[in-house]
Amino acid sequence: MYRRIDEKLLQSHQTPVLSYTFDGRAMTGMLGETVAASLLRNGVVATRTTPVSGAPRAPYCMMGVCFECLVVIDGIGNRQGCLTPLEDGMTIESQRGKRRLVEAVRK
Amino acid sequence: MRTLGTCDEIGALYDLLVIGAGPAGMSAATRASKSGATVLLADENPGLGGQIYRGITSTPVQNRDLLGESYWKGAGIAEAFTASSSDYIARCTVWSVERAGKEGQDSFIANLTSKGRTVTVEAKQVILATGALERPFAVPGWTLPGVMTAGAAQIAMKSSGLVPAGPTVVAGSGPLLYLVATQLKAAGANIVAILETGALRDIARGLRHLPEFLTSPYFGYGLRLLMKAQRDFSIMRGVSDLRIEGEDRASAVRFSIKGRERSIKCDTVLLHHGVIPNINMANALGCAQHWSQEQQAWLPTVDENFQSTIPGLAIAGDGSAIAGADSAAVKGAIAAVAALDRLGMRSGDTNVEDARLRRDLARYSRGRAFLDYIYSPSRDYVVPRHDDTIVCRCEEVTAGQIRQTIRELDVRGPNQLKAYLRCGMGPCQGRLCGPTVTAVMADARGESPETIGHYRNRIPVKPITVGELAQSPQSESAIKAVVRG
Numbered sequence: 021m022y023r024r025i026d027e028k029l030l031q032s033h034q035t036p037v038l039s040y041t042f043d044g045r046a047m048t049g050m051l052g053e054t055v056a057a058s059l060l061r062n063g064v065v066a067t068r069t070t071p072v073s074g075a076p077r078a079p080y081c082m083m084g085v086c087f088e089c090l091v092v093i094d095g096i097g098n099r100q101g102c103l104t105p106l107e108d109g110m111t112i113e114s115q116r117g118k119r120r121l122v123e124a125v126r127k
Numbered sequence: 287m288r289t290l291g292t293c294d295e296i297g298a299l300y301d302l303l304v305i306g307a308g309p310a311g312m313s314a315a316t317r318a319s320k321s322g323a324t325v326l327l328a329d330e331n332p333g334l335g336g337q338i339y340r341g342i343t344s345t346p347v348q349n350r351d352l353l354g355e356s357y358w359k360g361a362g363i364a365e366a367f368t369a370s371s372s373d374y375i376a377r378c379t380v381w382s383v384e385r386a387g388k389e390g391q392d393s394f395i396a397n398l399t400s401k402g403r404t405v406t407v408e409a410k411q412v413i414l415a416t417g418a419l420e421r422p423f424a425v426p427g428w429t430l431p432g433v434m435t436a437g438a439a440q441i442a443m444k445s446s447g448l449v450p451a452g453p454t455v456v457a458g459s460g461p462l463l464y465l466v467a468t469q470l471k472a473a474g475a476n477i478v479a480i481l482e483t484g485a486l487r488d489i490a491r492g493l494r495h496l497p498e499f500l501t502s503p504y505f506g507y508g509l510r511l512l513m514k515a516q517r518d519f520s521i522m523r524g525v526s527d528l529r530i531e532g533e534d535r536a537s538a539v540r541f542s543i544k545g546r547e548r549s550i551k552c553d554t555v556l557l558h559h560g561v562i563p564n565i566n567m568a569n570a571l572g573c574a575q576h577w578s579q580e581q582q583a584w585l586p587t588v589d590e591n592f593q594s595t596i597p598g599l600a601i602a603g604d605g606s607a608i609a610g611a612d613s614a615a616v617k618g619a620i621a622a623v624a625a626l627d628r629l630g631m632r633s634g635d636t637n638v639e640d641a642r643l644r645r646d647l648a649r650y651s652r653g654r655a656f657l658d659y660i661y662s663p664s665r666d667y668v669v670p671r672h673d674d675t676i677v678c679r680c681e682e683v684t685a686g687q688i689r690q691t692i693r694e695l696d697v698r699g700p701n702q703l704k705a706y707l708r709c710g711m712g713p714c715q716g717r718l719c720g721p722t723v724t725a726v727m728a729d730a731r732g733e734s735p736e737t738i739g740h741y742r743n744r745i746p747v748k749p750i751t752v753g754e755l756a757q758s759p760q761s762e763s764a765i766k767a768v769v770r771g
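Residue numbers (the working numbering), protein chains in the order written: chain L, 21 to 127; chain A, 287 to 771.
Here's what the structure looks like:
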């Protein structure tokens, strides 16, 4: 879990606050955060489960190489949370295991 | 600089395509556009800076001391690039670059995807400035939530002003480990211990390069950093058999020190034992690469102008060998000048400029070998000791499975191993397991990493959707190959 550093060390002006949901829960985001950074700050432990064993995973590299932060954003899966700037009103879901064709087609 | 919001604003033809907006990429684009070359700089991050200068134009951290002057140097590089006439597109993935045109003529076709749209661009010259990534640190439990790279924590701080909230252990070796620990502590993080895993094995070889390092611009800086770390932290040296424990998330680290077993409770573990070039794109495009004993990594083979073995395609910055941000910026400029030469567009006093660039490069390279040797990763953490350690995070392939398959099926190279175990075939495309697979195989077969080789990467170098792929132009023959009738 992560937290914002002391406000004294940050820019003096107020950072606009965004709202979004993660697995249906309301979350607040800061403008300039990536999806992965915001989820970590909001106390999200695991952002996906693996397609092989279902083990929980969370952002690991934060720079687009490890693909551990894959999430579903506004219905589109396999999005790299660490490279995607957070936007107001996003619907973010954890990516659970492997995709099933039937579900994907119904969507 | 003209910022392009979407792929559709990208031109059809550029003199130079630069991939990556870190120090090497920005410097290359700035220098080339100064001589009138048309330049497109494409980068997948939200803003300029690459990872070393991540968030340089947007960081919420305004206290300059926190990230230090070496970070803020990036602001000057970004300013110069912003003032240049280059086109720049952020959040854009370049997933293929192929040679086009006649023999002896430099021309490339690249596919770029941004926000679901794909476009094809022609470029006469290409500079890959794809930077570095942290060396894989495969220990038991490294896949648990709560475990990240030290670089990842630094990125969270630079780009979003975040620090770990709970007790944090920093483990590994190398200069970045101490830098990150110091920065995180200054920002209020609770660093409960630094576990030093470095090997003393290569110190003797490193000492030969010490006199040279004493004259390095990084000597004083490094020494101050180490002294500060020594004062501020509980540093445990000679840590072996590091493991991370926890059910669904990290809850403790366990290790051996001086023959005793120890455990420290924590909820964040930051791992780091050096950086290596991010070679996936160079490898996929067919650039030759070689094993560097000094850097314990695969490096794309480049000449003194950072031209790869594909004429017209250069690899500048830490993407061709690790030497740090200052050196990367100089290498970017050298590669740009070489590209201008090939384009016949070089302007200005070339002799003076060449001399200055070579001098700067020599200055920033001085004593690098010292750092490479003394911070050489410990063998225990390059070849995982425990069979149940996950090596390929994406496909969850363990060291034991790899060793067993090599033994029972006489597997001779990493590409063959893919067919049996799927290691390296997940979304990260071997970025996080490639070096470990080569190391495990070299160890198991008693051969050198050079003999074992590395995965052969393929385009697309990043996962894209079928829809994004289908938007790239299709040739008559390609359609015939898949359409019946």
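For glycine and all other residues, C-beta sits at the position ideal for the given N, C-alpha and C.
Residue-chain proximity (residue i, chain L), Cβ-Cβ < 8 Å
i       : result
S400(A) : no
R377(A) : yes
D534(A) : yes
L707(A) : no
T368(A) : no
Q337(A) : yes
M434(A) : yes
L512(A) : no
G572(A) : no
N564(A) : yes
P663(A) : no
A473(A) : yes
P309(A) : no
Cross-chain neighbours of residue i in chain L, by beta carbon under 8 Å
i       : result
D673(A) : Near D673(A) there are no residues of chain L at all, since even the closest Cβ is about 16 Å away, more than 8 Å.
P346(A) : L30, Q31, T35, M50, G52
E420(A) : C81
G427(A) : What G427(A) touches in chain L: nothing, since even the nearest Cβ is about 11 Å away.
Test: residue i CB closer than 8 Å to a CB of chain A
i       : result
P79(L)  : yes
L60(L)  : yes
A46(L)  : no
D11(L)  : Because chain L is modelled from 21 through 127, residue 11(L) falls outside the range shown and cannot be assessed.
D43(L)  : no
V55(L)  : no
D94(L)  : no
L121(L) : no
S73(L)  : yes
T111(L) : no
V65(L)  : yes
Sheet register partners of residue i (DSSP bridge)
i       : result
F42(L)  : R45(L), I112(L)
Y374(A) : T289(A), L327(A)
L303(A) : L326(A), V412(A)
L556(A) : M434(A), V456(A)
F541(A) : R548(A)
R99(L)  : V91(L)
Within chain L, the residues that residue i reaches when beta carbons sit closer than 7 Å
i       : result
A451(A) : M21, Y22, R23
I441(A) : M82, M83
G447(A) : R24, I25, L30
N349(A) : L29
P431(A) : V65, A66, P76, R77, A78
Neighbouring residues, chain A, relative to residue i (Cβ below 9 Å)
i      : result
F87(L) : R679, C680, G712, P713, C714, Q715, R717, L718, P749
CA-to-CA distance, residue j to residue i, given in whole angstroms
i       : j       : result
A574(A) : T737(A) : 14 Å
L695(A) : V677(A) : 19 Å
R679(A) : S459(A) : 22 Å
P431(A) : S606(A) : 31 Å
N62(L)  : T48(L)  : 8 Å
A46(L)  : S39(L)  : 7 Å
L30(L)  : Q391(A) : 51 Å
S400(A) : G306(A) : 14 Å
V380(A) : M110(L) : 26 Å
I338(A) : V768(A) : 44 Å
I477(A) : T54(L)  : 24 Å
A705(A) : Q757(A) : 30 Å
S578(A) : L585(A) : 7 Å
Q760(A) : A396(A) : 14 Å
Within chain L, partners of residue i - CB distance below 9 Å
i       : result
D785(A) : With chain A represented from 287 up to 771, any question about residue 785(A) goes unanswered, as that position is not in the structure.
P332(A) : G52, T54, L103, T104, P105
G437(A) : C81, M82, M83
Per-residue contacts from residue i into chain A (C-beta, under 8 Å)
i      : result
L90(L) : P713
L38(L) : Those do not exist, as L38(L) stays about 13 Å from chain A at its closest Cβ, beyond 8 Å.
T69(L) : Within chain A, no residue comes near T69(L); the closest Cβ sits about 10 Å away, beyond 8 Å.
Alpha helix (DSSP H) runs wholly inside the stretch 49-73 of chain L, at least 4 long, in chain order:
For the stretch 49-73 of chain L, whole alpha helix (DSSP H) runs of length 4 or above, ordered along the chain, are 55-61.
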